[in-house]
Each structure stands twice: as structure tokens, then as C-alpha cells.
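Visitor: These protein sequence lines map, in sequence, to chains F and B.
Take 6 as the starting number for the first sequence in the working numbering and just add one per residue.
Take 83 as the starting number for the second sequence in the working numbering and just add one per residue.
We put the beta carbon where it would ideally sit given N, CA and C, even for glycine.
Just so we're clear, the structure is a prediction, and the values are computed from it rather than from any experiment.
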Amino acid sequence: MEFKDYYQILGISPDTETPDIKKAYRKLARKYHPDVNPEADAEDKFKEVAEAWEVLKDKDRRAEYDELRRYGGQRQADFEAPPGWQSAAGNGSQHFGGDFSEFFNSIFGGQFNQERPGASDGFGIRGQDIEIEMPVFLEETISDASKPLEYELPTFEQGQTRPIRKSLKVTIPAGVVDGQRIRLRGQGVPGQGDAPAGDLYLHIRLVPHPVFDVEGHNLMVTVPIAPWEAALGAKVTVPTLESKINLTIAPESQSGQKLRVRGKGLLSKTGRGDLYAVLKVVMPDSTSAEVQELWRTLADKAAFNPRTQWEEKQ
Amino acid sequence: MTSTIIQITVSELCEREELSRSVVVQLVHYDIAQPLAGSSIEDWIFDVTTAHWMQRAIRLQRDLDIDWIAVAMLIDLLQEREQLSEENQRLRQRLGRFLMEDGS
């Protein structure tokens, strides 16, 4: 295994005093804490930094570590604790759930790694909770939806971590919102011994819809209309989450104008939100010479300048 | 079919996270979390999403060695960041429906 240079990890020299080590640790912990830093490697970096602090903050543990480091540990590409090595300073406080590296355990004893977070009732260790993202389509939020779910769980067998695949059918309750979390009791990592399994948490993520946009409990649908439909009014068919409805566009409508359709939005605690149809005036891709001529006539007759606001300012 | 749960009781929460009741009281006191129901501590029930933020708050307080006021501010900001990033994504999607793709 690789020798970990805790001083290098904290960016300090080996003769740094404890208060300055604490300062360096705090600075890096703030930066890499996985509850603050969304980067994928933040958690690993934080664990490394916290492990370094766990060793260097304790006088006895630091002395033992320094000894190993001085006597060549850091030069070995493949580090192994000296034969018969036994730490006198091994036991210490639980700082970050006891998830230490193999390197740490080889020096300070394996007892840390056994103490995973969760209730330990003396007969075993409760399995870890896990969280996975659950993509949910907007259509599935209108009523309770049954969804198949496949995920991997780490299991520990004879000191080895082995992933097992699990598949479940879960009920997503009607009215879930983006970012919500729901819990499946006992579907997390299996417990050790007689201890119960951890829980599985599903982090609900609403899948971006090809047609509808979400705003709170309301939905928006962009309705493309021809310029003459905007000018003269029209009846258009508009999709909703469940069916299609007919919408009347008033004469002289504008691009960006919103029409409200009550009760066709997402489910909320007080009922259903609304659907807003947002008009978007669209030009045809190409026009014939005859149509071009008609536009020219229209331009003369309408005598419309859409940029009068700019001209007033100049 | 596995049933989903959207609530967690105070005793389950304390057992899961090896918390004392007093830490839960602190979280409620500093408005990091509010119970959905329950008049006394033993009857408190929390929304699972709230419990997620409580766990994050507890980890931050423990790992960064900061006081509860700072944790409460941090949680507020993290929640705001999450909301803003979701809103940003939604607005980009809506904007995309009005703007033409590059080069077309």
C-alpha cells in the first residue's frame, strides 16, 4: 500500500506546531467537505485531510507516525508496517465516521474501520444508509407511480468488498417534487451479524420534459404560432400531461404572451397547479415569391415600427 | 412492492445517526429543521428531506467544529444554492425554447 504523507496532504512542513496544523486542516476541511463541495473527488480529498488531522492532532499518534516516516516509510513504494508493529496510540476519537484508509488501519489498528456510523447494538453493526438519484418523469407525479429500480450495494465478505445488484419495485407517491427525498426502510447495505440493514434514500430528480417546463407547481408549454395566427386569432390544439386541449388565441396576440389553463399543472398539497401556454411567433422556413409580395404589401399598409422605444431614447 | 416512506420519527433518527435528543433539539432551536408534527420531543416526526438536511448539518458541525449559528447559516446558503441551481437549469431550458441553436 502507498505511504501517506500527512504533512504533504495538509500542505505543511513536518515541524509545524499543532495550532498551525489545526489551521491548515480547517482551511482544507472547509474547502473539501462533501456537504459543501459538490465536486466528485471532494469526499476522497476530505477523508484524506481528516485522516491526516486525526493522526497529527494527537501527540502520541503523531510521534509514532513520525517514527515510521523517518525510518524510510515514505521512501517505500509499497509500504508495510514493520513486523511486530503495534500502536500504543491507536484508539482515539471517532471523527468522521471511522472511514479510514488501509494505510491508517495498518498503523493504528483495524478497530477504527469496524466502527461505521449507525447503531451498534453489541451483536453486529447496522448497515449503512445509501442515497441514489431517482429520475422521475412529470407524467409519473400525477398519481402514485410504480417504478422498477436497480442499484448496487457493497457487501463485506471475508474482509473484501463485493458489490451485489438489487432490483426492487418502488412506489413513488403522487405529488413528489424535484429534490425531495424518500426512504425505503431496510433496503440499504446489509447489516453485519444480527444488525439490521441500512435504509435506501431516493433523491427525486424530475427529468427535463421535451414539451413542458416546470415552475413550482405550474407547467409551461411553448406554443409555436404563425404570424397571421397571432394577428387574426386562432384555435390551436395544445398538449397537457394527460390529454390534448383546444386553446383560443385572441386576435393581435404577442410572442411571449401567456395563457392560463387552470388545473393542468403538477399536483400540489392544495390540488393541481396551472398550465401556462406561452405563445411563440414563428416564421415559415421559406416563402414563395407570391407570399413575399404579400408581405411587402403588408409592410406598406401596416406601417409598423417595432423599435420606436429605441428611437425615442436617441 | 416496496413501500416508500416520506417521514421519520425522532427515535429512528437518533438511532440511525447515534444522536442524542439534545442535538435534535438544537437543530430545531436554530431552525435548521422543524418537525412536521408532534407536541413533545418524543412525538416529533420529520420529513425525510428535512432529515437529510439535519444529517448534513450534524456532519458539518462535527467535522468543521463550528457552532450551530454558523451551521444554520451554512445550511440556509446550501439550500439556496441548490434552489438557484435548479432554477437556473429550468430557466435555461425555457430560454432554449425561444432561442435558435448556434449556427442555424
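1) Does B:E89 come out as helix, strand or coil in the three-state DSSP assignment?
2) Are the CB atoms of B:D145 and F:A55 nearer to each other than 9 Å?
3) Please determine, among B:H134, B:L181, B:G120, the residue with the shortest C-alpha to C-alpha distance to F:R186.
4) Which chain B residues sit within Cβ distance under 9 Å of F:G184?
5) Measure the alpha-carbon distance for B:T86 versus F:E257 and round it to whole angstroms.
6) Taking C-beta pairs closer than 8 Å, name the residues in chain F that B:I114 reaches, listed in chain order.
7) Is F:V2 near F:D183, with beta carbons less than 9 Å apart?
8) How big is the Cα-Cα spacing for F:W315 and F:L299?
9) Whether or not the stretch 15-32 of chain F and the stretch 51-65 of chain F are in contact is what I'm after, with contact meaning three or more pairs of Cβ atoms, one per stretch, closer than 8 Å; do they touch?
10) Checking contacts by CB at 9 Å: is F:E204 closer than that to chain B?
11) For a minimum of 3 consecutive residues, which ranges assigned as the beta strand (DSSP E) are wholly contained in the stretch 190-270 of chain F?
12) Work out the CA separation of F:T275 and F:N118 for me, nearest whole Å.
13) Would F:G198 be called buried (16 or more neighbouring beta carbons within 10 Å of its own) or exposed?
14) Which residue from F:P19, F:E44, F:K50, F:D20 puts its Cα closest to that of F:K32?
15) Residues of chain F with CB under 8 Å from B:L146, in chain order?
16) Does any residue of chain B bring its CB to less than 9 Å from the CB of F:P311?
17) Going by DSSP in three states, B:G178 sits in which element: helix, strand or coil?
18) Helix, strand or coil: which one does DSSP assign to F:F84?
Guide: The relevant details are as follows:
1) Here residue 89 of chain B turns out to be Gln, not Glu, going by the sequence shown. Note: B:Q89 maps to strand in three-state DSSP.
2) yes
3) B:H134
4) T131, E164, Q165, E168
5) 50 Å
6) Within chain F, no residue comes near B:I114; the closest Cβ sits about 13 Å away, beyond 8 Å.
7) Outside the displayed span of chain F (6 to 319) sits residue 2 of chain F, for which this structure offers no information.
8) 28 Å
9) yes
10) Inspection of the sequence shows that residue 204 of chain F is occupied by Asp rather than by Glu. By this cut-off, F:D204 is an interface position.
11) 205-211, 217-220, 223-230, 239-244, 249-254, 263-266
12) Because F:N118 carries a pLDDT of 45, less than 50, the predicted location of this residue cannot be relied on, and the following value inherits that uncertainty. F:N118 and F:T275: Cα-Cα distance of roughly 48 Å.
13) exposed
14) F:K50
15) R31, A34, R35, H38
16) Not one chain B Cβ lies under 9 Å of F:P311.
17) In the structure shown, B:G178 sits in a helix (DSSP, three-state: H, G or I).
18) The answer is coil: DSSP assigns F:F84 none of H, G, I, E or B.
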